[in-house]
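Visitor: Counting along the sequence shown from 1, when you hit position 48 you're at 126 in the working numbering, and nothing is skipped either side.
C-beta: ideal position from N, C-alpha, C; glycine also.
The structure follows.
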Amino acid sequence: MAAISSYLRYSAADRRSGCPRLSLTLDAKPSIDLEVDTSYPITFTITREADDPERRPCIFHWDPIEDGFGQPGFMLFRQIPVGNPNFGWQPVSINPSESLAKSIQPREVLTSDPCIKELLPGASVSWEVSLPTVYFDSFRPGQFHQTLWVGGQIPLWD
(Lines of atoms letter the chains of each structure in order from A and count residues from 1; the text may use other names and numbers.)
(Lines give C-alpha, C1' and ligand atoms only; values in the text may rest on other atoms or scores of the structure.)
Protein backbone atom coordinates (compact mmCIF):
# COMPACT_ATOMS: atom_id res chain seq x y z
CA MET A 1 0.00 0.00 0.00
CA ALA A 2 1.43 3.35 -1.00
CA ALA A 3 1.67 6.13 1.56
CA ILE A 4 -0.56 9.16 0.97
CA SER A 5 2.56 11.28 0.40
CA SER A 6 3.45 9.11 -2.62
CA TYR A 7 0.55 10.76 -4.48
CA LEU A 8 2.14 14.23 -4.30
CA ARG A 9 3.01 15.54 -7.76
CA TYR A 10 4.70 18.84 -6.95
CA SER A 11 6.99 20.11 -4.22
CA ALA A 12 9.08 23.22 -3.63
CA ALA A 13 11.83 21.56 -5.68
CA ASP A 14 9.56 21.66 -8.76
CA ARG A 15 9.18 25.44 -8.77
CA ARG A 16 10.49 27.13 -11.86
CA SER A 17 12.90 30.01 -11.47
CA GLY A 18 11.17 33.37 -11.63
CA CYS A 19 7.80 32.03 -10.50
CA PRO A 20 6.23 33.33 -7.30
CA ARG A 21 6.58 31.06 -4.27
CA LEU A 22 3.00 30.14 -3.46
CA SER A 23 1.70 27.29 -1.33
CA LEU A 24 -1.80 25.94 -0.83
CA THR A 25 -3.22 24.56 2.41
CA LEU A 26 -6.57 22.94 3.12
CA ASP A 27 -8.32 23.27 6.45
CA ALA A 28 -11.53 21.60 7.60
CA LYS A 29 -13.12 20.47 10.83
CA PRO A 30 -11.79 17.08 11.94
CA SER A 31 -15.14 15.28 11.98
CA ILE A 32 -18.71 15.51 10.77
CA ASP A 33 -22.02 13.89 11.70
CA LEU A 34 -23.44 12.40 8.51
CA GLU A 35 -26.92 12.29 10.07
CA VAL A 36 -26.86 16.06 10.65
CA ASP A 37 -24.35 17.66 8.29
CA THR A 38 -25.35 18.11 4.66
CA SER A 39 -22.09 19.66 3.52
CA TYR A 40 -18.45 19.78 4.52
CA PRO A 41 -16.81 23.21 4.41
CA ILE A 42 -13.16 23.34 3.37
CA THR A 43 -10.96 26.41 3.53
CA PHE A 44 -8.34 26.78 0.81
CA THR A 45 -5.54 29.23 1.68
CA ILE A 46 -2.90 30.36 -0.80
CA THR A 47 0.12 31.90 0.89
CA ARG A 48 3.05 33.65 -0.70
CA GLU A 49 6.34 32.97 1.05
CA ALA A 50 7.62 35.93 3.05
CA ASP A 51 11.16 35.36 1.75
CA ASP A 52 10.11 35.18 -1.92
CA PRO A 53 13.08 36.70 -3.80
CA GLU A 54 10.66 38.30 -6.26
CA ARG A 55 9.39 41.39 -4.45
CA ARG A 56 6.82 42.57 -7.01
CA PRO A 57 3.14 41.84 -6.34
CA CYS A 58 1.86 38.58 -7.78
CA ILE A 59 -1.54 38.86 -9.45
CA PHE A 60 -3.28 35.59 -10.21
CA HIS A 61 -6.65 34.00 -10.90
CA TRP A 62 -7.58 30.96 -8.82
CA ASP A 63 -11.13 29.71 -8.48
CA PRO A 64 -11.62 27.37 -5.51
CA ILE A 65 -14.20 25.25 -7.35
CA GLU A 66 -12.66 25.11 -10.84
CA ASP A 67 -9.04 25.05 -9.71
CA GLY A 68 -9.35 23.62 -6.20
CA PHE A 69 -11.52 20.67 -7.12
CA GLY A 70 -11.30 20.87 -10.92
CA GLN A 71 -7.64 20.16 -11.49
CA PRO A 72 -6.66 16.55 -11.00
CA GLY A 73 -4.95 17.81 -7.85
CA PHE A 74 -7.58 17.07 -5.17
CA MET A 75 -7.93 13.55 -3.79
CA LEU A 76 -10.05 11.95 -1.09
CA PHE A 77 -8.76 8.90 0.80
CA ARG A 78 -10.62 6.38 2.98
CA GLN A 79 -8.89 4.49 5.78
CA ILE A 80 -9.26 0.73 5.43
CA PRO A 81 -9.49 -0.87 8.92
CA VAL A 82 -6.83 -3.05 10.55
CA GLY A 83 -7.41 -6.72 9.75
CA ASN A 84 -8.37 -6.01 6.15
CA PRO A 85 -5.66 -7.17 3.71
CA ASN A 86 -5.77 -3.71 2.11
CA PHE A 87 -5.23 -1.95 5.47
CA GLY A 88 -4.19 1.70 5.15
CA TRP A 89 -5.30 4.73 3.18
CA GLN A 90 -7.01 4.00 -0.15
CA PRO A 91 -7.95 6.66 -2.72
CA VAL A 92 -11.72 6.99 -3.09
CA SER A 93 -12.70 6.23 -6.68
CA ILE A 94 -14.81 8.94 -8.24
CA ASN A 95 -16.86 8.26 -11.36
CA PRO A 96 -14.97 10.14 -14.13
CA SER A 97 -18.25 11.47 -15.54
CA GLU A 98 -19.02 13.09 -12.15
CA SER A 99 -15.50 14.30 -11.47
CA LEU A 100 -14.71 17.99 -11.66
CA ALA A 101 -11.18 17.16 -12.83
CA LYS A 102 -10.06 18.63 -16.11
CA SER A 103 -6.78 19.50 -17.68
CA ILE A 104 -5.25 22.81 -16.75
CA GLN A 105 -6.15 25.38 -19.39
CA PRO A 106 -5.59 29.11 -19.49
CA ARG A 107 -8.92 30.88 -19.69
CA GLU A 108 -10.24 34.37 -20.24
CA VAL A 109 -11.42 36.16 -17.12
CA LEU A 110 -12.77 39.63 -16.51
CA THR A 111 -10.73 42.01 -14.36
CA SER A 112 -13.77 42.26 -12.07
CA ASP A 113 -13.69 38.49 -11.40
CA PRO A 114 -13.62 37.98 -7.58
CA CYS A 115 -11.10 35.16 -8.01
CA ILE A 116 -8.38 37.56 -9.21
CA LYS A 117 -6.11 38.20 -6.26
CA GLU A 118 -2.89 40.10 -5.58
CA LEU A 119 -0.35 38.83 -3.07
CA LEU A 120 2.75 40.53 -1.76
CA PRO A 121 5.44 38.41 -0.07
CA GLY A 122 4.11 37.07 3.25
CA ALA A 123 0.45 37.65 2.35
CA SER A 124 -2.30 35.05 1.97
CA VAL A 125 -5.85 34.76 0.70
CA SER A 126 -8.52 32.22 1.70
CA TRP A 127 -11.78 30.84 0.34
CA GLU A 128 -14.29 28.66 2.20
CA VAL A 129 -16.27 26.34 -0.05
CA SER A 130 -18.28 23.16 0.43
CA LEU A 131 -16.82 19.85 -0.60
CA PRO A 132 -18.53 18.95 -3.90
CA THR A 133 -21.32 16.39 -3.64
CA VAL A 134 -19.39 13.81 -5.65
CA TYR A 135 -16.88 13.63 -2.76
CA PHE A 136 -19.30 14.25 0.15
CA ASP A 137 -21.51 11.36 -1.00
CA SER A 138 -18.47 9.05 -0.68
CA PHE A 139 -18.41 9.49 3.11
CA ARG A 140 -19.66 6.53 5.15
CA PRO A 141 -20.55 6.52 8.88
CA GLY A 142 -17.77 5.17 11.08
CA GLN A 143 -15.06 5.56 8.45
CA PHE A 144 -12.12 7.93 8.46
CA HIS A 145 -11.28 10.09 5.45
CA GLN A 146 -8.36 12.32 4.51
CA THR A 147 -8.20 15.04 1.87
CA LEU A 148 -5.03 15.74 -0.08
CA TRP A 149 -3.99 18.43 -2.53
CA VAL A 150 -1.45 16.53 -4.64
CA GLY A 151 -0.22 19.69 -6.32
CA GLY A 152 -1.22 21.86 -9.19
CA GLN A 153 -0.40 24.91 -11.21
CA ILE A 154 -2.00 28.32 -11.44
CA PRO A 155 -2.70 28.79 -15.16
CA LEU A 156 -3.11 32.58 -15.07
CA TRP A 157 -0.72 34.84 -13.15
CA ASP A 158 1.50 37.86 -13.68
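#1: Find the nearest neighbour of residue 212 within the set 118, 94 and 166, judged by alpha-carbon distance.
#2: If you draw a straight line from the C-alpha of residue 86 to the C-alpha of residue 102, how long is it?
#3: To the nearest angstrom, how far is it from the Cα of residue 202 to the Cα of residue 153?
#4: Report the residue from 98, 92, 104 and 110 whose alpha carbon sits nearest the alpha carbon of residue 219.
#5: Indicate whether residue 146 and residue 122 have their beta-carbon atoms separated by less than 7 angstroms.
#6: Suppose the cutoff is 6 angstroms on Cβ atoms and the five residues either side in sequence are ignored; what does the same chain contact list for residue 197 look like?
#7: What number of angstroms, rounded off, separates the C-alpha of residue 199 from the C-alpha of residue 104?
#8: How is residue 143 classed by DSSP in three states: helix, strand or coil?
Guide: To lay it out plainly:
#1: 118
#2: 13 angstroms
#3: Going from the Cα of residue 202 to the Cα of residue 153 covers about 23 angstroms.
#4: Comparing alpha carbon positions, the residue from 98, 92, 104 and 110 closest to residue 219 is 110.
#5: yes
#6: 126 and 136
#7: One C-alpha to the other measures close to 20 angstroms.
#8: helix
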